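Visitor: The end of the sequence shown is residue 168 by my numbering, with every number in the run present.
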Amino acid sequence: MPANLPPDYFAAEKRFREAKSIDEKIAILEEMMAIMPKHKGTDKLFGDLKRKMAKLKSAKESQGKSGRKEHWKVEREGAGQIVLVGPPNSGKSTLLRALTKAEPEVADYPFTTTSPVPGMMPFENIKIQLVEAPAITSEIIESWIPNLVSMADAVMLITDLSSDNIVE
Numbered sequence: 001m002p003a004n005l006p007p008d009y010f011a012a013e014k015r016f017r018e019a020k021s022i023d024e025k026i027a028i029l030e031e032m033m034a035i036m037p038k039h040k041g042t043d044k045l046f047g048d049l050k051r052k053m054a055k056l057k058s059a060k061e062s063q064g065k066s067g068r069k070e071h072w073k074v075e076r077e078g079a080g081q082i083v084l085v086g087p088p089n090s091g092k093s094t095l096l097r098a099l100t101k102a103e104p105e106v107a108d109y110p111f112t113t114t115s116p117v118p119g120m121m122p123f124e125n126i127k128i129q130l131v132e133a134p135a136i137t138s139e140i141i142e143s144w145i146p147n148l149v150s151m152a153d154a155v156m157l158i159t160d161l162s163s164d165n166i167v168e
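1) Considering only the alpha carbon of each residue, which of Ile82, Ala98 and Met32 lies closest to Val149?
2) Exposed or buried, what is Lys92 when buried is set at 16 or more other beta-carbons lying within 10 Å of its beta-carbon?
3) On the three-pair Cβ rule with 8 Å, is the segment 6–13 touching the segment 28–48?
4) Can you give me the C-alpha to C-alpha distance between Ala135 and Gly119, rounded to a whole angstrom?
5) Based on Cα-Cα distance, which residue from Pro37, Lys20 and Asp23 lies nearest to Pro6?
6) Tell me the start and end of each unbroken alpha helix (DSSP H) in the segment 2–53 that is at least 4 residues and wholly inside, in chain order.
7) State the DSSP-derived secondary structure class of Lys57, mapped to helix, strand or coil.
8) Using 10 angstroms around the beta-carbon of Tyr9, count the other beta-carbons present and answer buried if the total reaches 16, otherwise exposed.
9) Can you give the Cα-Cα distance for Glu24 and Glu18, rounded to whole angstroms?
10) If you drop the 5 nearest sequence neighbours on each side, which residues of the same chain put their C-beta closer than 8 Å to that of Leu157?
11) Please report how far the alpha carbon of Lys44 lies from the alpha carbon of Lys50, in whole angstroms.
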């Protein structure tokens, strides 16, 4: 049996497919259920929308309970991606600033960089993306840094050879 849905429903369905956040998707689903005519031909569609709504609400609840985990993904640009890693105050931000037009914060205290900082380095007629990762030590490493490193084309280990604890 045909559903005979109005054009407003199809516009809302398109917005639902393009929506990014769970809250936005839930609001659009509620709008779609309100727009949809209630008759025998829309029963299955209404059930599908209710099922999607329940899945989104349970995903939202489980997301809130698990705590907020940070996942950083830097979109790949240019011919390749190189991640700069190293201990605190080793010069990663200074090198990134010198090779690219990026403006990372440079300071004399450790752990200045708290999130990935991308920059584009020109090399001959191509661009290579450099991404500075936060400092790592034998005791401290952000949980998402290994994933950032594994997704890169290359890794550049930056260290200060004049440092007293170079063996670390």
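Think of the CB as a built atom: it goes at the ideal place given N, C-alpha and C, for glycine as much as any other residue.
Treat the numbers as computed from the prediction; the structure is a model and nothing was measured.
Guide: With the given structure in hand:
1) As a first step, residue 149 must be located in the sequence shown, where it is residue number 149. Nearest option by C-alpha distance: Ile82.
2) Residue numbering aside, residue 92 sits at position 92 when the sequence shown is read from its first letter. Buried, because 16 or more other Cβ atoms sit within 10 Å of the Cβ of Lys92.
3) yes
4) Within the sequence shown, the letter at position 135 stands for residue 135. Within the sequence shown, the letter at position 119 stands for residue 119. So the alpha carbons of these two residues sit roughly 17 Å apart.
5) Here residue 6 corresponds to residue number 6 of the sequence shown, with the count starting at 1. Comparing Cα positions, the closest option is Pro37.
6) 7–18 and 22–35
7) Here residue 57 refers to the residue found at position 57 of the sequence shown. The answer is helix: DSSP assigns Lys57 an H, G or I state.
8) Position 9 of the sequence shown holds residue 9. With 16 or more Cβ atoms within 10 Å of its Cβ, Tyr9 is classed as buried.
9) To locate residue 24, count along the sequence shown from 1; it is residue 24. To locate residue 18, count along the sequence shown from 1; it is residue 18. Their Cα atoms are separated by approximately 10 Å.
10) The count along the sequence shown starts at 1 and reaches residue 157 at position 157. Val85 and Gly86.
11) What you label residue 44 is simply residue 44 of the sequence shown in a count that begins at 1. What you label residue 50 is simply residue 50 of the sequence shown in a count that begins at 1. Cα to Cα, the separation comes out at about 10 Å.
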